[in-house]
Amino acid sequence: MTATRKIQTKRRGNRPGIWFFKTALRFTGLRGAYGLLYFVCAYYLFFDRTAVRAAKAYIVRRFPAQFYLARQFTIYRLFVEQGKNLIDRHAMLTGAHQFDLQINGFEKIPREAGKGFILLTSHLGNWQIVMPALQQMNRTVHLLMRPEDNAALQEVMQVDAESSHLKVISPEQHLGGVVEMMQALERGDVVSIMGDRTYQADGVAVYFLGEQAFFPYSAFQLAASAGCPLVILLSAKTGKNRYTADIPDVLYPVWIQRDKKREQMRGWVQKYALVLEAYLREHPLQYFIFHDLWEEARQQQKASE
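For the sequence shown, numbering that gives the first Met the number 0 assigns the number 0 to the initial residue and increments by one for each residue that follows.
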């Protein structure tokens, strides 16, 4: 398996800003904290061209019929929805607010004793909300994620690599953390991997929202090599106090032709992309990818010519 190459991305959170929203949440509740978002997100819409351009890559493909002003307003709404998710994440993790969680398809999760599985998540909604449900299965969950460059955001996420139920495996370590992930799966643990952005790791081009987009295949490669199931998890904020977590499918990648592994992985990734696309028809403003997957596919195509 190929190790993930290190990439730097711009962090927009900062400690004073997060403190401001935390204080607003404490004294005014969710409604007051949400209210601040409309001003902050307007600033980003007018002055952060990088953020707008990143959001536009998705919006123009999800809403191809929109003209300029409608598109700009949709991008603004996407910023606001992301802000609400971040505020809710902090409120949930700190116990400041409780949210109703509806889990659809939870019965699909493999429960075979001693057998681990991969949880394939996306930049969609608040995937962290399903973690308490996984804890009921007495499973240790390993998050494949890069070390958080911004200490303030790390504090809000409260990811504790030393806790008994939630650990972090960094893709920037030797072999991209593959050894640690394989060991976790062999112990019967859960490995959570984001399936919709490569962060400069290897991937394949598949059709997504009408064009070829570049998706990573590491989760499918790992599942096939470890002989374990891959559980697709999607989530969305569906009300002020309500979230929905959906498990639309469980895949069982198996190598059939070892001399055509890439073609097999492309098929698995394409199936995931179609599941994600169908979900976005119902929850279009819950996708916080902020990366041009389609331009990345074009660049990869040019590089291979």
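All residues carry an ideal CB built from backbone N, CA and C; glycine is no exception.
- Take V51, set aside five residues on each side of it, and the residues of its chain with a beta-carbon closer than 7 Å to its own are L44 and I74, in chain order.
- Between Y271 and L279, the C-beta spacing is not below 8 Å.
- Bounds of any alpha helix (DSSP H) do not take in A64, whose DSSP letter is neither H nor E.
- With contacts defined as CB atoms closer than 8 Å, V190 and H141 qualify as a contacting pair.
- Between the stretch 249-257 and the stretch 179-187, the count of C-beta pairs closer than 8 Å stays below three; the two stretches do not touch.
- Residue range E210 to P215 is occupied by the beta strand (DSSP E) that includes E210.
- Looking at the DSSP output, Q101 sits in a beta bridge with T243.
- In this structure, Q172 is the residue among N137, Q172 and N125 with its C-alpha nearest to the C-alpha of M144.
- One alpha carbon belongs to G104, the other to N125, and they sit about 17 Å apart.
- With respect to the 8 Å criterion, A225 and I192 are not classified as neighbours on the basis of their beta carbons.
- It is roughly 10 Å from the alpha-carbon of Q269 to the alpha-carbon of E276.
- A residue is called buried when at least 16 other Cβ atoms come within 10 angstroms of its Cβ; R138 meets this threshold and is buried.
- Shortest Cα-Cα distance from Y37 to any of G82, R25, G28 and A64 involves G82.
- Excluding sequence positions up to five before and after P109, its CB lies within less than 6 Å of the CB of F116 and P228, all in the same chain and listed in chain order.
- H173 sits in a helix when the DSSP states are folded into three classes.
- It is roughly 21 Å from the alpha-carbon of S169 to the alpha-carbon of I128.
- Take L292, set aside five residues on each side of it, and the residues of its chain with a beta-carbon closer than 6 Å to its own are A212 and F213, in chain order.
- The alpha-carbon separation between L232 and G28 amounts to approximately 29 Å.
- By the neighbour-count criterion, in which a residue is buried when 16 or more other Cβ atoms sit within 10 angstroms of its Cβ, T93 is exposed.
- In the three-state DSSP reduction, T120 falls in the strand class (E or B).
- Counting only the Cα atoms, Y198 lies some 24 Å from H282.
- The three-state secondary structure of Y37, taken from DSSP, is helix.
- Using a Cβ distance threshold of 8 Å, V203 and R257 do not count as a contacting pair.
- Relative to the Cα of V177, the nearest Cα in the group V59, H164 and A200 belongs to A200.
- Of all alpha-carbon atoms in M136, A90 and Q97, the one lying nearest the alpha-carbon of E111 is that of M136.
- Per DSSP, reduced to three states, the secondary structure at H290 is coil, with no helix or strand assignment.
- In chain order, I192, G194, A218, L229, V230, I231, L232 and Y271 place their CB closer than 7 Å to the CB of L119, counting only its own chain and leaving out the 5 sequence neighbours on each side.
- In terms of Cβ geometry, L273 and R61 do not form a close pair [threshold 8 Å].
- Annotation: the continuous beta strand (DSSP E) that includes Y206 extends over G202 to F207.
- Boundaries of the alpha helix (DSSP H) around G266: K260 to E281.
- Annotation: the continuous beta strand (DSSP E) that includes H141 extends over V140 to L143.
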